[in-house]
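Undergrad: Attaching a single structure in C-alpha cells format; questions to follow.
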Amino acid sequence: MAEKKMIYLQPTAVRIWHWLNALGIVTLCATGAQIRFPEYFSIFGSYSSVISLHNTAGYVVVFSFFIWLIYYVFVARTMVKLYVPTVDDLQNGLLRQSIFYFFTFFLGGDNPHHPTPDNKFNPLQKTAYFVIMFILVPLVGVSGLLLLNVEPLSGLIIMFGGLKVLVALHYLVACCLCAFIFTHVYLATLGHTMIAHFIPMWTGWEEELEDHSDSHESH
Amino acid sequence: MKTAFTAKFLLYSLLLVLVFFPLGAAAMESEDCLGCHEDIETVGDELFINAAVFDVTAHAELGCSACHESVTDEHPDDGLEVSKAACLDCHDEIGEQYAKTAHVEYAACGDCHNPHQVRGLNEVSGYDLNQQCASCHETDDVVSSHSEWLTQADRHIAKLPCISCHTDSEDYVIVLYMTQRESKAVMGDFELSTYQDLVALAKQEDVKSLIDLDNDNKISLAELSTFNFDSTYRSMRLQATLTPADVSHTVETLDNRWDCSFCHTSGTERMQTSFLALPTSEGTYQRIEVESGAVLKALNGPPDFYMMGATRSTLMSILGLLIVIGGTLLPIGHGSLRFLTRKNRMGKGE
Chain C
1 MAEKKMIYLQ PTAVRIWHWL NALGIVTLCA TGAQIRFPEY FSIFGSYSSV
51 ISLHNTAGYV VVFSFFIWLI YYVFVARTMV KLYVPTVDDL QNGLLRQSIF
101 YFFTFFLGGD NPHHPTPDNK FNPLQKTAYF VIMFILVPLV GVSGLLLLNV
151 EPLSGLIIMF GGLKVLVALH YLVACCLCAF IFTHVYLATL GHTMIAHFIP
201 MWTGWEEELE DHSDSHESH
Chain X
1 MKTAFTAKFL LYSLLLVLVF FPLGAAAMES EDCLGCHEDI ETVGDELFIN
51 AAVFDVTAHA ELGCSACHES VTDEHPDDGL EVSKAACLDC HDEIGEQYAK
101 TAHVEYAACG DCHNPHQVRG LNEVSGYDLN QQCASCHETD DVVSSHSEWL
151 TQADRHIAKL PCISCHTDSE DYVIVLYMTQ RESKAVMGDF ELSTYQDLVA
201 LAKQEDVKSL IDLDNDNKIS LAELSTFNFD STYRSMRLQA TLTPADVSHT
251 VETLDNRWDC SFCHTSGTER MQTSFLALPT SEGTYQRIEV ESGAVLKALN
301 GPPDFYMMGA TRSTLMSILG LLIVIGGTLL PIGHGSLRFL TRKNRMGKGE
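Line by line, the protein sequences give chains C and X. Quick note on my numbering: the first sequence kicks off at 1 and runs consecutively. Quick note on my numbering: the second sequence kicks off at 1 and runs consecutively.
Pasting the structure below:
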C-alpha cells in the first residue's frame with residue numbers, strides 16, 4: 001500500500017500569480033473574441049465596455065507576470081532550475097515524457113517524472129512553460145501595451161512593421177495561449193485523481209505517493 | 001457721302017459692341033478682379049485672393065460678380081461699397097440644418113468656410129478635414145474632453161475627421177492618403193505628402209504613377225502591395241481615415257458614434273470600399289478607386305489602418321481559429337483514448 005506524503009509544492013506568491021494570471025487570461029480570451037468578432041459575440045455589453053474590461057485584464061496579467069518574475073528570480077531564485085530545459089531534457093526527457101503521455105499512460109504505466117519543489121515540471125512542461133512565459137506572454141504583453149498606446153508609441157509601432165503586423169502578432173499569440181489553456185486544464189486532470197493537481201495550486205500542498213506505484217504528474 | 005460713311009461706321013461699331021461686349025465683359029470679369037486682388041501688395045491681406053486656390057472652387061465657376069453684384073467697371077474708383085451675397089441665398093437648406101445646432105451661436109458660415117477657398121469633401125485629403133474645427137477647438141482640449149469616455153481619444157482625434165462622428169451620415173468611406181517621414185530619424189513623424197513631394201518622387205507630373213502602375217485609374221491589391229514593399233518608398237507610408245459618405249451641417253452625434261458601433265461593430269462588409277486621395281497641382285485632391293476589400297488585407301492594404309472589430313483579416317482569423325481548435329485536439333483525442341483504456345489504470349485514481 002502506498003504511503004502518502006505531503007509536499008509544499010506551490011508557495012503563496014506562485015498561487016496568487018497563477019490565479020490572477022488564469023483569471024486575466026481567460027478574461028482576455030473571452031473579451032478578445034468579442035473585440036475581434038463583435039457581430040458574433042456580445043456577452044460583455046457594449047464595445048467600449050468590452051475594450052475597458054480587456055484593457056484592465058491586460059494590466060492584471062502584466063502585473064501578475066511581474067509577481068511571477070520577481071518571486072522566482074529574486075525570492076526563490078529557482079527560475080533557471082525550474083523553467084529552463086536542460087540538454088538532457090531536450091535530448092531525452094521530451095521523448096520520455098511524450099512516450100508516457102501518448103503510450104504508457106494508456107497501458108497503466110507510471111509517470112517517469114516525480115515533482116519536487118525544486119523540480120516541479122517534467123521536461124515537456126518545462127519546455128512548454130519556458131516558451132509560454134519567456135516568449136509568448138512577453139510578446140502578447142508588449143504588443144498589448146503598444147496597442148493600448150498607439151498614438152504616443154506610433155514611431156515604435158512603425159518600427160515593428162506597423163499596426164497591422166502588431167495586431168496580427170497579438171491575435172495569433174493570444175490564440176496560442178487560448179489553445180494552451182485547453183491543454184493545460186486537461187493535463188491537470190492527469191494526476192492520481194482528477195483534481196489531485198488542482199488542489200496544490202489552491203492550498204500549496206501536493207499529495208505524493210511514496211512507493212511511486214501510482215501515476216505522478218503535475219500539470 | 002461723308003454723312004453716310006459716318007452713319008455706316010457708327011452702325012457697324014454699334015453692332016460690334018453689341019455682339020462682343022457681353023462676352024467680353026463676362027469673360028474678363030473675374031480676370032479683371034483677380035488682376036488686382038491676387039496681388040497682395042495692391043489690395044492688402046484682407047482682400048487678397050489666391051487665384052490658384054480660388055480657381056478650383058465651385059464658386060469660381062460662377063464668377064466674382066455672382067456674389068459681388070454691385071461691382072461696376074469703375075471699381076474701386078467709384079467709391080461704392082462692394083456688395084456680398086449671403087451664403088444662405090444659395091445654401092438655404094444647409095442654413096436650415098445649421099440653424100438648429102448650438103454652433104450657430106458661435107460661428108457664421110465664413111468662420112469655417114472661406115468662400116474663395118472652400119472645397120468639396122472629395123477634394124480634400126481626409127487628413128486635413130479638421131482644420132476648420134481646430135480654429136476654435138484646441139486639439140488638447142478636444143482630446144481631454146473625449147478621454148473622459150473614449151478609449152485612446154488621442155488616436156481617434158489624430159486620425160479621424162471630426163465630422164466622421166459629428167454628422168448624421170449613415171455611412172462612411174475609407175480614404176487612403178500618402179504620408180512621408182519628414183526627418184531621417186528612425187521614429188520621425190510622418191506628414192501628409194504634398195503634390196510637390198510626390199512629383200519629386202515620381203520624377204514626373206503624373207503622381208498617380210507612383211502607385212497606379214498600369215495607369216488604369218484604379219489601384220489594385222497588387223499595386224498596393226508593390227508600393228508598400230518597394231524599398232524606394234521606404235520613407236513613404238500609406239495611411240487611411242474614415243470620412244462620412246454624406247456631409248451635413250447638423251453637427252450632431254448619433255448614438256451609433258457614442259457606442260462605437262458606427263465604426264467598430266459595423267462588420268467587414270462596410271469596409272470594402274476605399275479610395276486613394278492624391279494631391280493635384282491645383283492644391284486639391286483627386287480620388288482614385290482602390291480594389292474592393294483592400295483595407296482588410298493583412299499585407300497589401302495601408303499598414304497602419306486597423307479598426308478593431310471591423311478591419312480584421314479573414315486569413316488571420318482562420319489561422320487563429322485553427323490554433324485554438326488545435327488546442328482542443330489533445331483533450332478530445334487523449335481524453336477519448338483515456339476513457340477507452342480506463343480499465344488499465346484501475347486502482348490508480350481513475
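Just so you know, even glycine gets a beta-carbon here, dropped at the ideal spot from N, CA and C.
(1) Note down, in chain order, all residues in the segment 153–168 of chain X with a beta-carbon under 7 Å from any beta-carbon belonging to chain C.
(2) Across the segment 8–26 of chain C and the segment 59–72 of chain C, are there enough close Cβ pairs to call them in contact, namely three or more that are closer than 8 Å?
(3) Classify residue 149 of chain X as helix, strand or coil using the three-state DSSP reduction.
(4) Beta strand (DSSP E) containing residue 84 of chain C: first to last residue?
(5) So who's on the other strand from residue 205 of chain C, going by DSSP bridges?
(6) How many Å lie between residue 91 of chain X and residue 41 of chain C at the Cα?
(7) By the 7 Å beta-carbon criterion, what residues does the segment 245–270 of chain X contribute toward chain C?
(8) Report all residues from its chain with a CB closer than 8 Å to the CB of residue 116 of chain X; omit the five preceding and five following residues, and keep chain order.
(9) Taking the alpha-carbon positions, what's the residue 78 of chain C to residue 68 of chain C distance?
(10) In this structure, does DSSP put residue 195 of chain C in helix, strand or coil?
(11) In angstroms with no decimal places, state the Cα-to-Cα distance between residue 194 of chain X and residue 56 of chain C.
(12) For residue 17 of chain X and residue 73 of chain X, I'd like the C-alpha separation in whole angstroms.
(13) What's the gap between the Cα of residue 101 of chain X and the Cα of residue 140 of chain C?
(14) Assuming residue 53 of chain C and residue 31 of chain C form a contact by the criterion Cβ under 8 Å, report the distance between their Cβ atoms to the nearest whole angstrom.
(15) Taking beta-carbon pairs under 9 Å, can you tell me which members of the segment 20–36 of chain C lie near chain X?
(16) Please classify residue 144 of chain C as buried or exposed, where buried requires at least 16 other C-beta atoms within 10 Å of its C-beta.
(17) Does residue 57 of chain C have its Cβ less than 8 Å from a Cβ in chain X?
(18) Against chain X, which members of the segment 169–180 of chain C pass a CB distance test of less than 7 Å?
(19) Just the chain X side, please: which residues come within less than 7 Å of residue 167 of chain C by C-beta, in chain order?
(20) Could you check how far apart the C-beta atoms of residue 166 of chain C and residue 157 of chain C are, in whole angstroms? I think they sit under 8 Å.
(21) Rounding to the nearest angstrom, what Cα-Cα distance links residue 183 of chain X and residue 189 of chain X in this structure?
(22) So the alpha helix (DSSP H) residue 159 of chain C belongs to, where does it begin and stop?
(23) Is it buried or exposed, residue 84 of chain X, if we count other Cβ atoms within 10 angstroms and call 16 or more buried?
(24) Using a Cβ-Cβ cut-off of 7 Å (strictly less than) and excluding sequence neighbours within five positions of residue 100 of chain C, which residues of its own chain qualify?
(25) For the structure I just gave you, are there three or more beta carbon pairs, one from the segment 156–164 of chain X and one from the segment 131–147 of chain X, closer than 8 Å?
(26) Quick one: list the residues of chain C neighbouring residue 222 of chain X, beta-carbon separation under 8 Å, in chain order.
(27) Does the beta carbon of residue 146 of chain C sit closer than 8 Å to a beta carbon anywhere in chain X?
(28) What three-state label does DSSP hand residue 190 of chain X in the structure shown?
(29) Where do the ends of the beta strand (DSSP E) carrying residue 274 of chain X lie?
(30) Give the straight-line distance between the Cα atoms of residue 188 of chain C and residue 198 of chain C, rounded to the nearest whole angstrom.
(31) Against residue 298 of chain X, what residues of chain C qualify as contacts under a CB-to-CB distance less than 7 Å, listed in chain order?
(32) Is residue 75 of chain C buried or exposed, if buried means 16 or more other CB atoms sit within 10 Å of its CB?
(33) Kindly indicate if chain X contains any beta-carbon less than 8 Å away from that of residue 183 of chain C.
(34) If you compare alpha carbons, which of X:98, X:175, X:152, X:148 is closest to residue 161 of chain X?
(35) Any beta carbon from chain X within less than 8 Å of residue 52 of chain C's own beta carbon?
(36) So which residues on chain C does residue 215 of chain X lean against when the C-beta distance must stay under 8 Å?
TA: Let's see:
(1) 154, 155, 158
(2) yes
(3) coil
(4) Neither: residue 84 of chain C is in no beta strand (DSSP E) and is coded neither H nor E.
(5) C:8
(6) 45 Å
(7) 259, 260, 261, 264, 265, 267
(8) Excluding residues within five positions, the ones whose Cβ falls inside 8 Å are 49, 50, 53, 54, 57, 59.
(9) 11 Å
(10) DSSP places residue 195 of chain C in coil when its eight states are reduced to three.
(11) 41 Å
(12) With a pLDDT of only 48 at residue 17 of chain X, under 50, the local geometry of the prediction cannot be trusted, and no value is derived from it.
(13) Between residue 101 of chain X and residue 140 of chain C, the C-alpha separation is close to 45 Å.
(14) 5 Å
(15) Those residues of the segment 20–36 of chain C placed with their C-beta closer than 9 Å to a C-beta in chain X are 29, 34, 35, 36, ordered along the chain.
(16) buried
(17) no
(18) 171, 172, 175, 176, 178, 179, 180
(19) 306
(20) 6 Å
(21) 7 Å
(22) 154–159
(23) By the neighbour-count rule (16 or more Cβ atoms within 10 Å), residue 84 of chain X is not buried but exposed.
(24) 109, 111, 112
(25) Cβ pair count under 8 Å is three or more, so yes.
(26) Neighbours of residue 222 of chain X on chain C: none; closest Cβ ~18 Å, over 8 Å.
(27) Interface with chain X (8 Å Cβ-Cβ cutoff): residue 146 of chain C is excluded.
(28) strand
(29) 274–279
(30) 7 Å
(31) 164, 168
(32) exposed
(33) yes
(34) X:175
(35) yes
(36) Residues of chain C whose Cβ lies closer than 8 Å to the Cβ of residue 215 of chain X do not exist; the shortest such Cβ separation is about 27 Å.
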